[in-house]
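*Asks:*
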Amino acid sequence: MKFTSLFAIATSLAAVSAKNILLTNDDGWAATNIRAFYRDLKAAGHNVVMVAPAVQMSGNGGKFQLAASNTLETDAEFGYPPAGSPSWGHEEDDLNVWYYNGTPAACVGVALDYILPTYFNNMTVDVVLGGPNEGTNLGERDFVLSGTIGAAYYATERGYSAIAFSGANSNNSFFKDTLDDDPNHSANIYSKKSVELLDALFEKQGDNERLFPLSTGLNVNYPKAGSDVGSDCLDPVFYHSRQTGPNYFVYSAKVNEETNLVEYISSYDNVLDVCAAGDCSLPAEFEIIKNCASSITVFSLDPDSKKKVTDDVIAKFDSILS
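Going left to right, the sequence shown walks through residues -18 to -1, 1 to 304 as mature numbering (1 follows the signal peptide of the UniProt record, and there is no 0) numbers them.
1. Count the CB pairs spanning the region 173 to 181 and the region 226 to 236 that are closer than 8 Å, and state whether there are at least three.
2. Nearest-angstrom Cα distance between G227 and I270?
3. In angstroms with no decimal places, state the Cα-to-Cα distance between T130 and N203.
4. According to DSSP, simplified to helix, strand and coil, what is I271?
5. Between the C-alpha atoms of I3 and E267, what's the straight-line distance to the nearest angstrom?
6. If I measure Cβ to Cβ from A(-4) and keep anything under 7 Å in the same chain, skipping five residues before and after, which residues do I get?
7. Does D77 pass the burial test, meaning 16 or more other C-beta atoms within 10 Å, or should it be called exposed?
8. Measuring straight from C-alpha to C-alpha, what distance separates residue 306 and V30?
9. What residues in its chain sit with their C-beta under 6 Å from that of K158, if we drop five residues either side in the sequence?
10. Within a Cβ cutoff of 8 Å, which residues of the same chain sit near P68, ignoring the five residues on either side of it in sequence?
11. Check each candidate in T6, G27 and A(-1) and name the one with the smallest Cα separation from N115.
12. Starting from N115 and walking both ways along the beta strand (DSSP E), at which residues does that stretch end?
13. Please determine, among Q47, A18, A(-1) and V280, the residue with the shortest C-alpha to C-alpha distance to T198.
14. Residue range of the beta strand (DSSP E) that T53 falls in?
15. When the Cα of L161 is compared with those of D8, F19, S(-2) and D9, which residue comes out closest?
16. Please report how far the alpha carbon of A36 lies from the alpha carbon of T56, in whole angstroms.
17. What is the residue span of the beta strand (DSSP E) that I247 lies within?
18. Taking all protein chains shown into account, decide if T138 is buried (16 or more other Cβ within 10 angstroms of its Cβ) or exposed.
19. Whole-angstrom Cβ separation of S148 and G208, contact assumed at under 8 Å?
20. Quick check: what's the CA-CA separation for G26 versus D300?
21. Using a Cβ-Cβ cutoff of less than 6 Å, which residues in the same chain neighbour F46 once the five nearest sequence positions on both sides are dropped?
22. Taking C-alpha atoms, which residue in V291, S248, S287 and I296 lies nearest to G121?
Structural data, given as structure tokens:
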């Protein structure tokens, strides 16, 4: 009887901790990183539905681009599936793994408004996750550019708690070629650390209905990690960060004298050294991604400036206000 009671309690606790998760990315549904994350989220006991782009959609930000035809006009990423296949579909052996021929934000929208109501009895979503992205998404520079962050931002606009995960390892690989269970490989490290963060968040959430307050999400960035990419960083630690601050980089244009083409470079800019909002004592994301350290930044949908700054600027044109 005692064993039965303990088993019942354990089962009950597991059921409470299990979450309904919508997973996407911008590198495509066949990318190794997202497949490792899907695998480990399921292994942790969560109910996961993955809806990710059919093709590489990096750099689309929050663009909401839907499929223009019922079939793929070109091969999906890694030819999986090939041209001529439906513009959306799922793995033959897993109804929970979907692709859609649209941007990351569109994948989230299609999941929330069609796939979940149609195939999953309108499943309630506890959190929307993006990534882990192939490459970091740091600062305001990437916040407005990243498709991974764009998906999280869109989900937050829809009223869901959301987290964007990104890693410095920009290896673009097909999961059927590279997905394994080596704990020292980059995709598995990023996945393990992401599940670790989620476990901590869900534990603190307790019985609260929401993981985060409305209009709030997280942007998480991992350093280069994994023996498969020549790094001895195997267990990156987490630090609380802010998007802006010292050592901030922006994109600049430069003409290549040999090709006569304009190229972009990252250059230091001190404009954002000035702290305009949030906790000014926090280090910037750009500062943290080194020495086997990961950044966690809280973002908000409200981009308005502080009242004093707003008042100072409005004073310059208040004479024309109605």
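Backbone N, C-alpha and C define an ideal beta-carbon position, used for all residues, glycine too.
*Replies:* A quick look at the data gives this:
1. Not touching, per the Cβ criterion.
2. Your numbering for residue 227 matches position 245 in the sequence shown. Your numbering for residue 270 matches position 288 in the sequence shown. Cα to Cα, the separation comes out at about 11 Å.
3. On the sequence shown, residue 130 is found 148 positions in, with the first residue counted as 1. On the sequence shown, residue 203 is found 221 positions in, with the first residue counted as 1. Roughly 11 Å separates the two Cα atoms.
4. Position 289 of the sequence shown, counted from the start, is the residue given in the question as residue 271. Residue state, collapsed to three classes: coil.
5. For the purposes of this step, residue 3 is identified with residue 21 of the sequence shown, where counting begins at 1. For the purposes of this step, residue 267 is identified with residue 285 of the sequence shown, where counting begins at 1. Near 26 Å, if we compare the C-alpha coordinates of E267 and I3.
6. For the purposes of this step, residue -4 is identified with residue 15 of the sequence shown, where counting begins at 1. Any answer about A(-4) is weak, because its pLDDT of 43 lies below 50 and its placement is not dependable; what the coordinates show is given next. Within the same chain, A(-4) has no close Cβ partners at all.
7. What you label residue 77 is simply residue 95 of the sequence shown in a count that begins at 1. The question names Asp, yet the displayed sequence has Leu at residue 77. In this structure L77 is exposed. Its beta-carbon is surrounded by fewer than 16 other beta-carbon atoms within 10 angstroms.
8. Beyond the ends of the chain as shown, which are -18 and 304, falls residue 306; an answer cannot be given.
9. Here residue 158 refers to the residue found at position 176 when the sequence shown is read from its first residue. Cβ within range, chain order: n/a, list empty.
10. Taking the sequence shown and counting its residues from 1, the one referred to as residue 68 is at position 86. Counting only Cβ-Cβ distances below 8 Å, and skipping sequence neighbours, we find N52, T53 and L54.
11. Residue numbering aside, residue 115 sits at position 133 when the sequence shown is read from its first letter. With distances taken between Cα atoms, N115 lies closest to T6.
12. Residue mapping note: residue 115 aligns to position 133 of the sequence shown, counting from 1. Taken as a continuous stretch (DSSP letters only), the beta strand (DSSP E) holding N115 covers V109 to E116.
13. By 1-based counting over the sequence shown, the position of residue 198 is 216. Nearest C-alpha to T198 among Q47, A18, A(-1) and V280: V280.
14. Reading the sequence shown from its first residue, position 71 is the one you call residue 53. In the DSSP assignment, T53 falls outside any beta strand (DSSP E), carrying neither H nor E.
15. What you label residue 161 is simply residue 179 of the sequence shown in a count that begins at 1. The candidate whose alpha carbon is nearest that of L161 is F19.
16. Here residue 36 corresponds to residue number 54 of the sequence shown, with the count starting at 1. Here residue 56 corresponds to residue number 74 of the sequence shown, with the count starting at 1. When rounded, the distance between both Cα atoms is 10 Å.
17. By 1-based counting over the sequence shown, the position of residue 247 is 265. Residues L243 to Y250.
18. Reading the sequence shown from its first residue, position 156 is the one you call residue 138. With 16 or more other Cβ atoms from the protein chains shown falling within 10 Å of its own Cβ, T138 counts as buried.
19. One-based indexing of the sequence shown puts residue 148 at position 166. One-based indexing of the sequence shown puts residue 208 at position 226. By a beta-carbon distance limit of 8 Å, S148 does not contact G208. Their separation comes to about 15 Å.
20. Position 44 of the sequence shown, counting from 1, holds the residue named residue 26. Position 318 of the sequence shown, counting from 1, holds the residue named residue 300. Contrary to the premise, residue 26 reads as Ala rather than Gly in this sequence. Computed Cα separation, rounded: 56 Å.
21. Numbered from 1 along the sequence shown, position 64 holds the residue referred to as residue 46. In the same chain as F46, and ignoring 5 residues on each side of it, the C-beta atoms closer than 6 Å to its own belong to A87 and A88, in chain order.
22. Locating residue 121 in the sequence shown gives position 139, counting from the first residue. Out of V291, S248, S287 and I296, S248 has the C-alpha closest to the C-alpha of G121.
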